[in-house]
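Here is the structure we will look at.
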Amino acid sequence: MDNPNRVLDGGTLIVNQVDFSLVHNEKLNPAAVIIYGDLGEFPPGCGATPYLNLLEANMGVDGEPVYALSYDTGRGVLTDRYPLNRKSASEQLREVLVHLAAKIVEWRKARVATGAQPGSASRGLPGLQASSLHPARSPKPILNGAISSGAPSIRQSADSSLIAARPMDERVTQLIQAFCTLAAPPDPALVVLGESVTVDGIMFWLTCKEQQGSPLLRVRCDFGELPGERLADACKTLLTMNWYLYNGIDPAFSICPKSARVLFEKSYSLETLTPNILHRTLTELAAKVGEWRLVHFLEPLPASRKYRPEWAKQQ
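Right, dumping it as structure tokens:
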């Protein structure tokens, strides 16, 4: 890397014919470089498929690069985080860029050949039903057998490993248990195990995530189905928001391949998170979900139609 200071000041670094931009973010703990790799342009008239594939590829990632869309150029972007607390940082950073370049080249080849995105896994969350919006892409429901009207047990889920793979930290467990006294789910024990909890009619999953040895509370939220019209525009909006929201930890927006539903993910530090703050955070997220389901972030929401959660209606 000839001039790392120029690169971190907004310059472009080319690795194996792939352009990368690196941004030094000191607000992250530890400080890190956010990497933006250029996937390239999307073919004219390609429809929604390539954007859907990128959102599906973001589903369930943990410590992996995240796909987004550049607001400035409209080109696809592969983003990643490189912490600055390692030895031989320059050499290891180049290894990371070589790995990302290989993924980008693979994506470009697949896009040209079939319009598909390689590596899009089939993952699900307990309680999400398969959508009828894309029946050809979602032939089977997530759960084995019929989905009952109540919340299914995590033991029934064909994809429970996505939720239960990481052991729960004791502090996260205690936080979720205290939160359940406010949310009053039918079975708090299942919520601790990774089952969904409903806040203002919106489904959330609360699990543990580790970042640099510190436990975080990971929140996943069911935003709902994609719109039947302007599907490509809706997908582009979500990918562009990923470009803005990516913090090196969470993918933000993704799509569950089995249900074709939009999911939002964010992790929170335990240092300042209390049960009350968590409950308020989820109610605010529920309000955003309501707005998405009305206009899918494609147009301003009229004040008369703005979604108001239960706690706001009572004030």
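Counting in my numbering, the sequence shown tops out at residue 319, every number present. Glycine residues also receive a C-beta, built at the ideal position from the N, C-alpha and C atoms.
Under DSSP, the beta strand (DSSP E) around F183 begins and ends at which residues?
Sequence index remark: in the sequence shown, residue 183 carries index 179 (1-based). First-last for F183: E174 to A187, but that is the alpha helix (DSSP H), not the beta strand (DSSP E).
Integer-rounded CB distance, given that C184 should sit under 8 angstroms from P192
Locating residue 192 in the sequence shown gives position 188, where the first residue counts as 1. Locating residue 184 in the sequence shown gives position 180, where the first residue counts as 1. P192 to C184, Cβ: 4 angstroms. Contact.
Under 7 angstroms, do V203 and A290 count as touching if we go by C-beta distance?
One-based indexing of the sequence shown puts residue 203 at position 199. One-based indexing of the sequence shown puts residue 290 at position 286. The answer is yes: Cβ separation under 7 angstroms.
Per DSSP, I39 is paired with what?
By one-based count along the sequence shown, residue 39 stands at place 35. Its beta-bridge partners are L26 and D84.
On the premise that V81 lies in contact with A40, defined as a C-beta separation below 8 angstroms, what is that separation, rounded to the nearest angstrom?
The residue you call residue 40 lines up with position 36 of the sequence shown. The residue you call residue 81 lines up with position 77 of the sequence shown. The displayed chain sequence assigns Tyr, not Ala, to residue 40. Yes, they are in contact, since the Cβ atoms of Y40 and V81 sit about 5 angstroms apart, within 8 angstroms.
To the nearest angstrom, how far is it from the Cα of L137 to the Cα of Q96?
For the purposes of this step, residue 137 is taken as residue 133 along the sequence shown, with counting starting at 1. For the purposes of this step, residue 96 is taken as residue 92 along the sequence shown, with counting starting at 1. For L137, the pLDDT reaches just 32, beneath the cut-off of 50, and the residue's location in the model is therefore unreliable, although a value from the coordinates is still provided. Distance between the alpha carbons of L137 and Q96: 43 angstroms.
Taking N251 as the reference, give the member of V109, E269 and V293 with the closest Cα.
Counting from one through the sequence shown, the residue named residue 251 turns up at place 247. Nearest of V109, E269 and V293 to N251, Cα basis: E269.
The beta strand (DSSP E) that contains K292, what's its start and end?
For the purposes of this step, residue 292 is identified with residue 288 of the sequence shown, where counting begins at 1. Taken as a continuous stretch (DSSP letters only), K292 belongs to no beta strand (DSSP E), being part of the alpha helix (DSSP H) at P279 to V299.
Per-residue DSSP class, three states only, for Q215
Taking the sequence shown and counting its residues from 1, one reaches residue 215 at position 211. The answer is strand: DSSP assigns Q215 an E or B state.
List the whole-angstrom C-beta distance separating T53 from V70, where the pair is believed to meet the contact cut-off of C-beta under 8 angstroms.
Residue mapping note: residue 53 aligns to position 49 of the sequence shown, counting from 1. Residue mapping note: residue 70 aligns to position 66 of the sequence shown, counting from 1. T53 to V70, Cβ: 19 angstroms. No contact.
Rounded C-beta distance between S179 and V195? I'm assuming under 8 angstroms.
Along the sequence shown, read from residue 1 onward, the residue named residue 179 stands at position 175. Along the sequence shown, read from residue 1 onward, the residue named residue 195 stands at position 191. Residue identity differs from the one stated: residue 179 is Leu in this sequence, not Ser. At roughly 11 angstroms, the Cβ-Cβ gap does not stay under 8 angstroms, so L179 and V195 are not in contact.
Endpoints, beta strand (DSSP E) assigned at E269:
Walking along the sequence shown from the start, residue 269 turns up at place 265. That run of the beta strand (DSSP E) goes R265 to S273.
Within 10 Å of its beta-carbon, does I259 have 16 or more other beta-carbons around it, so buried, or fewer, so exposed?
On the sequence shown, residue 259 is found 255 positions in, with the first residue counted as 1. So I259 counts as buried.
What are the boundary residues of the alpha helix (DSSP H) that T53 is part of?
In the sequence shown, the residue the question calls residue 53 occupies position 49. Segment T53 to A61, the alpha helix (DSSP H) holding T53.
With a Cβ-Cβ cutoff of 7 angstroms, do L59 and W111 count as a contact?
Against the sequence shown, residue 59 aligns to sequence position 55. Against the sequence shown, residue 111 aligns to sequence position 107. No, the Cβ-Cβ distance between L59 and W111 is not below 7 angstroms.
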